[in-house]
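Peer 1: As you go down the protein sequences, you meet chains A and B in turn. First residue of the first sequence: 88, per this note's numbering; consecutive thereafter. First residue of the second sequence: 2, per this note's numbering; consecutive thereafter. Before we start, here is the structure in question, set down as structure tokens.
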Amino acid sequence: MSAPRQPQGYADPYLAGAALGLVLLAAFVLVGRGLGASGAFASVAAGTVALVAPEHAGASPLFAHYLGAQGPWLEWLNVELLGVLIGAWLSAALAGRVRVSIERPATLAAGARLTLAFAGGLLMAAGAVFARGCTSGQALTGGALLSVGSWLFLGVAFASAYALAPLLRKAWQ
Amino acid sequence: MSAPFITEAAPLSASLAVALLVGVGFGFALERAGLGSARKLTGQFYGRDLSVLKVMFSALLVAMLGLFWLSWLGLLDLQALYVPPTFVWPQLAGGVLFGSGLIVAGLCPGTACVSAATGRIDAVFVLLGMFVGMLVVGLLLQRWAAFFESSAHGAWTLPQLLDLPYGVIVAVVVVLALAAFFVAERIERGTR
């Protein structure tokens, strides 16, 4: 093994965005649907509850949605998200960017960063349930389809993040 | 034969093979753009680095224009695409919760997967929070079922809402996105 090399810089955001747009377009053309992320968490949660407490799973308007036809484990978004993990790892490995770490400024303790990360995940899950999707499924996919609800979600989510940002300056500066 | 090619009638394996390939492309593009880094991603909200806006809107423009031209050329049936249904109030409330969670976590669900795949432990905690959040909200959702299902409009698009032709809305979105890119470049220059 050679000495750890300097990680490469990131790609031009417009170029990477255009490539992402082509991936999304390919999904529309091939299978008639776009990208997603939060739905995979919902379907895995649905599958878990169905194993442990099936009577609760069927009663939940969220979980029931994933318990039809092919079941919660072979959900399209689960396989897509598995692909995301592989693609992201591949890109990072090729650029020398894979490294086990906790990303935080020096002024923020590791425990505080992990707590914020977990709490943020909880809030995003709750938001994604009511919004029927996240940045991938609503903002990007629904946005490209000009869905009214997706554009409402996109505007309000960005505005909320901007509104709270000053309170979290210490965590991100 | 017009797109989409793999319909409900096709074998599940075909659609799942596409899912895996599309996912690989999605993850690769997000990581290349640097959106697997929470610090880079949150730079958006401090005027430091507006990659989120640039990546997201260039992707949205490419996909939107691709759909528009493919359907105009008769190569794609827009009616066969799945448009996420609109639920006005739940989606507004969901947007507030989601945007708040985004700035607290520093990553969104998709970029948290990217970040975790590149070795970041904080991203793994975002994913754990997402999973626990889905379990809890899923189990409690029956209590809020009336709100959850309220203000339903089905598949509802901006051309329908504004009663304007599809092409006009596409053109307006292009102009707005280009204006946003211009402003983003100005803001970044201002904070450097």
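By construction, the Cβ of each residue, glycine as well, lies at the ideal position given by its N, Cα and C atoms.
1. Interface residues of chain A around residue 94 of chain B at Cβ under 9 Å?
2. With 9 Å as the limit, tell me which residues of the segment 101 to 116 of chain B have their beta carbon closer than that to any beta carbon of chain A; keep them in chain order.
3. Let me check one thing: in DSSP terms, what residues is residue 228 of chain A bridge-paired to?
4. Less than 8 Å separating the beta-carbons of residue 59 of chain B and residue 101 of chain A?
5. By alpha-carbon positions, which one of B/32, B/56, B/27, B/20 ends up nearest to residue 181 of chain B?
6. By the 10 Å Cβ neighbour count, where 16 or more other Cβ atoms means buried, how is residue 183 of chain B classified, buried or exposed?
7. I'd like the span of the beta strand (DSSP E) that includes residue 1 of chain B, first residue to last.
8. DSSP three-state label for residue 112 of chain B, please.
9. Taking the alpha-carbon of residue 233 of chain A as reference, which of B/104, B/125, B/141, B/65 has the nearest alpha-carbon?
10. Identify, in the order they occur along the chain, each residue of the same chain with its Cβ nearer than 7 Å to the Cβ of residue 257 of chain A, setting aside the five sequence neighbours on each side.
11. Give me the chain A residues within the contact set of residue 160 of chain B, using Cβ-Cβ distance strictly less than 8 Å, ordered along the chain.
12. For residue 125 of chain B, collect the residues of the same chain with a Cβ closer than 6 Å to its Cβ; drop the 5 residues on either side in sequence, then sort them by chain order.
13. Quick one: which chain A residues come within Cβ less than 9 Å of residue 165 of chain B?
14. Are there 16 or more other CB atoms within 10 angstroms of the CB of residue 88 of chain A, so buried, or fewer, so exposed?
15. When the Cα atoms are used, what is the spatial distance from residue 158 of chain A to residue 134 of chain A?
16. Between residue 160 of chain A and residue 143 of chain A, what straight-line distance do the alpha-carbon atoms span, to the nearest angstrom?
17. With distance defined between alpha-carbon atoms, name the residue in A/110, A/138, A/104, A/152 nearest to residue 126 of chain A.
18. Whose C-beta lies closer than 8 Å to the C-beta of residue 7 of chain B among residues of the same chain, with five residues either side of it excluded?
19. Could you please tell me which residues of the segment 19 to 34 of chain B, in chain order, have their CB closer than 7 Å to any CB of chain A?
20. Can you name the residues that DSSP bridges to residue 87 of chain B?
21. Would you decide whether residue 32 of chain B is buried or exposed? Buried here means 16 or more other CB atoms lie within 10 Å of its CB.
22. Taking the alpha carbon of residue 143 of chain B as the reference point, which residue from A/229, A/96, A/148, A/260 has its own alpha carbon closest?
23. For the alpha helix (DSSP H) that residue 148 of chain A lies in, which residues bound it at each end?
24. Based on Cα-Cα distance, which residue from B/161, B/107, B/79, B/129 lies nearest to residue 251 of chain A?
25. Please decide whether residue 93 of chain A counts as near chain B, where near means a Cβ-Cβ distance under 8 Å.
26. Quick check on residue 3 of chain B: does DSSP put it in helix, strand or coil?
27. With DSSP collapsed to three states, give me the class of residue 164 of chain A.
28. Buried or exposed for residue 3 of chain B, please, with buried defined as at least 16 other CB atoms from any protein chain shown within 10 angstroms of its CB.
29. Three or more beta-carbon pairs under 8 Å between the segment 211 to 221 of chain A and the segment 83 to 103 of chain B, yes or no?
Peer 2: Checking against the coordinates, here is how it stands:
1. Against the second sequence, residue 94 of chain B aligns to sequence position 93. Ordered by position in chain A, the residues that pass the 9 Å Cβ test against residue 94 of chain B are 214, 217, 218, 243.
2. 101, 102, 103, 104, 105, 106, 107, 108, 109, 110, 111, 112, 113, 114, 115, 116
3. Numbered from its first residue, the first sequence carries residue 228 of chain A at position 141. Answer by DSSP bridge pairing: none, since residue 228 of chain A is not bridged.
4. Position 58 of the second sequence, counting from 1, holds the residue named residue 59 of chain B. Position 14 of the first sequence, counting from 1, holds the residue named residue 101 of chain A. Yes; because the gap between Cβ atoms is below 8 Å, this pair is in contact.
5. Stepping through the second sequence from its first residue, residue 181 of chain B is reached at position 180. If we check each option's Cα against that of residue 181 of chain B, B/56 comes out closest.
6. The residue you call residue 183 of chain B lines up with position 182 of the second sequence. By the neighbour-count rule (16 or more Cβ atoms within 10 Å), residue 183 of chain B is not buried but exposed.
7. Given that chain B is displayed from residue 2 to residue 193, the structure contains no residue 1 of chain B and the question cannot be resolved.
8. As a first step, residue 112 of chain B must be located in the second sequence, where it is residue number 111. The answer is helix: DSSP assigns residue 112 of chain B an H, G or I state.
9. Taking the first sequence and counting its residues from 1, one reaches residue 233 of chain A at position 146. Checking every option, the nearest Cα to that of residue 233 of chain A belongs to B/65.
10. On the first sequence, residue 257 of chain A is found 170 positions in, with the first residue counted as 1. Excluding positions up to five away in sequence, the list reads 194, 195.
11. Position 159 of the second sequence, counting from 1, holds the residue named residue 160 of chain B. Those are 233, listed as they occur along chain A.
12. Residue 125 of chain B sits at position 124 when you count from the first residue of the second sequence. These residues qualify, in order along the chain: 117.
13. Against the second sequence, residue 165 of chain B aligns to sequence position 164. Under the 9 Å cutoff, chain A gives no residues; its nearest Cβ is about 11 Å from residue 165 of chain B.
14. For this step, residue 88 of chain A is matched to residue 1 along the first sequence. Since pLDDT at residue 88 of chain A reaches only 45, below the 50 mark, its modelled position is unreliable, and no value is offered.
15. In the first sequence, residue 158 of chain A corresponds to position 71, counting from 1. In the first sequence, residue 134 of chain A corresponds to position 47, counting from 1. About 8 Å.
16. Along the first sequence, read from residue 1 onward, the residue named residue 160 of chain A stands at position 73. Along the first sequence, read from residue 1 onward, the residue named residue 143 of chain A stands at position 56. In a straight line, the C-alpha of residue 160 of chain A is about 18 Å away from that of residue 143 of chain A.
17. In the first sequence, counting from the first residue as 1, residue 126 of chain A sits at position 39. Taking only the C-alpha atoms, the option nearest residue 126 of chain A is A/152.
18. Numbered from 1 along the second sequence, position 6 holds the residue referred to as residue 7 of chain B. Correct list, in chain order: 15, 16, 19.
19. 19, 20, 21, 22, 23, 24, 25, 26, 27, 28, 29, 30, 31, 32, 33, 34
20. Locating residue 87 of chain B in the second sequence gives position 86, where the first residue counts as 1. DSSP, once it has assigned bridges, lists B/155 as partnering residue 87 of chain B.
21. As a position in the second sequence, residue 32 of chain B is number 31, starting the count at 1. With 16 or more Cβ atoms within 10 Å of its Cβ, residue 32 of chain B is classed as buried.
22. The residue given as residue 143 of chain B occupies position 142 in the second sequence. Ranking A/229, A/96, A/148, A/260 by Cα distance to residue 143 of chain B puts A/148 first.
23. Walking along the first sequence from the start, residue 148 of chain A turns up at place 61. Element bounds for residue 148 of chain A: 148 to 151.
24. For the purposes of this step, residue 251 of chain A is taken as the residue at position 164 of the first sequence. Here the closest residue by C-alpha is B/107.
25. On the first sequence, residue 93 of chain A is found 6 positions in, with the first residue counted as 1. Judged by the 8 Å Cβ criterion, residue 93 of chain A is not in contact with chain B.
26. For the purposes of this step, residue 3 of chain B is identified with residue 2 of the second sequence, where counting begins at 1. In the structure shown, residue 3 of chain B sits in coil (DSSP, three-state: anything other than H, G, I, E or B).
27. Locating residue 164 of chain A in the first sequence gives position 77, counting from the first residue. Looking at residue 164 of chain A - three-state DSSP - the assignment turns out to be helix.
28. Position 2 of the second sequence holds residue 3 of chain B. Counting Cβ neighbours within 10 Å, residue 3 of chain B comes out exposed, since fewer than 16 surround it.
29. yes
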